[in-house]
Structure formats: structure tokens, C-alpha cells
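*Asks:* Numbering (the numbering used here), first residue to last: 5 to 197.
Before we start, here is the structure in question, set down as C-alpha cells.
Here is the structure:
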């Protein structure tokens with residue numbers, strides 16, 4: 005059996021979506037659960053989902069969660085979340101109705117990143133070094149160099165794990181080096197996960 009990992013979704017040999025059996029099972033459980041209704045969710049999404057997602061992302065013992073400094077919004081899919089985040093940053097980050105702050109996306113990147121930030125109104129979208137084809141791995145030196153040369157307060161689109169499209173992730177030590185530069189230069193980490 006083979007799986008084409010390049011298309012971003014599981015497909016059958018006939019190129020149709022393949023749904024994991026556990027997903028089918030849960031769909032049936034949901035359909036048979038008459039306690040669930042189809043009422044509209046609050047505008048920010050299901051509170052229990054937002055709370056649980058925040059705990060998964062930051063850790064249950066996160067000081068930010070304990071101090072009630074975390075905001076979360078439930079979005080429609082990955083591109084929907086990117087769009088909401090990009091619009092929020094354009095409207096409120098680095099001043100109001102900001103279009104001039106540089107947005108850095110990895111080279112290579114997922115094609116949606118450029119389009120989402122461009123469509124949100126950002127005018128300065130730049131690549132940053134990520135993949136070293138010769139080493140077939142992370143170009144940490146190039147990445148750190150681009151962080152260092154970026155204007156303060158620039159936005160960097162990062163992947164929490166499974167970088168798209170390379171699949172290559174920084175190690176914990178490499179993440180610490182990246183974070184140190186970003187903190188020192190007041191760069192904004194925008195995670196696509």
C-alpha cells in the first residue's frame with residue numbers, strides 16, 4: 005500500500021477522498037446523539053473547544069491561561085484561520101489599518117500564505133530562508149540571518165510542526181535560537197499549525 009503525501013489529503017486509487025474509519029465512526033456517533041442540536045454557535049465559536057484548544061497549544065498550567073490573557077477564536081479550516089489572523093494583524097498590529105509591515109513566509113511555502121496575506125491588504129510579503137536543498141534539511145543559518153536582517157516588528161509565518169511543504173521541523177534547541185532572535189527584535193510569530 006502506498007500513500008501520496010504530496011496532495012495534503014488521503015486519496016483512494018481513484019483520487020477520491022479517503023475518510024479514516026475512526027472519523028466515520030465518530031460521525032455516526034454524532035448523528036445518533038439526539039442531545040446535540042444545530043443551534044448557532046457564539047460568534048467566537050464553542051467556548052469548550054476554544055478553552056481546550058488553548059490548553060493544548062499553551063499547556064494546561066500556562067501562566068497566560070491562569071492570568072486570563074489568552075484569546076481564542078474557532079475558525080473554519082486552516083485557510084479560514086489564516087485569513088482571520090491576517091485580517092486581525094492588518095487592522096490592529098503595529099498601528100491601525102497596517103499594510104506596510106513586512107510579512108515573511110518560508111521558502112518554500114504553502115501557496116496559500118502569499119495569497120492570504122496579500123488579499124488581507126499586506127503590501128510587503130517576503131521570503132525567508134528555510135530549506136537547504138543541498139543538505140536536504142533546515143537552513144538554520146539562513147533562517148537566523150533573515151530574522152536578524154528583518155525590520156523590527158516584522159511578521160514571520162511559522163509552522164508549529166510538519167512544515168508545509170518540506171515536513172522539516174527545527175529541533176528544540178533550534179527553536180530556542182529562533183525564539184531568542186524573535187524576542188530580541190520584537191518580531192511577531194504567526195503560527196500556521
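For each residue, glycine too, the CB sits at the ideal point set by N, CA and C.
Could you tell me the boundaries of the alpha helix (DSSP H) in which residue 56 lies?
*Replies:* 51-62
*Asks:* Just list the residues that DSSP pairs residue 196 with in beta bridges.
*Replies:* 163
*Asks:* Grab the span of the alpha helix (DSSP H) containing residue 85 for me, first residue to last.
*Replies:* 81-96
*Asks:* What whole-angstrom Cβ distance do residue 134 and residue 111 have, given they're in contact under 8 Å?
*Replies:* 6 Å
*Asks:* By alpha-carbon positions, which one of 120, 35, 197, 74 ends up nearest to residue 90?
*Replies:* 120
*Asks:* Would you check if there are 3 or more beta carbon pairs closer than 8 Å linking the segment 176-185 to the segment 67-85?
*Replies:* no
*Asks:* Looking at the unbroken beta strand (DSSP E) that takes in residue 131, where does it start and where does it end?
*Replies:* 129-133
*Asks:* Can you give the beta carbon distance from residue 86 to residue 116, rounded, assuming they're within the 8 Å contact cut?
*Replies:* 7 Å
*Asks:* In this structure, how does DSSP classify residue 21 when only helix, strand and coil are distinguished?
*Replies:* strand
*Asks:* Helix, strand or coil for residue 154 per DSSP?
*Replies:* coil
*Asks:* Near residue 62, what residues of its chain come up, given a Cβ to Cβ distance below 7 Å and the 5 sequence neighbours on each side ignored?
*Replies:* 68, 69, 74
*Asks:* Decide if residue 34 is buried, meaning its Cβ has at least 16 other Cβ atoms within 10 Å, or exposed.
*Replies:* Residue 34 is exposed by the Cβ-count criterion.
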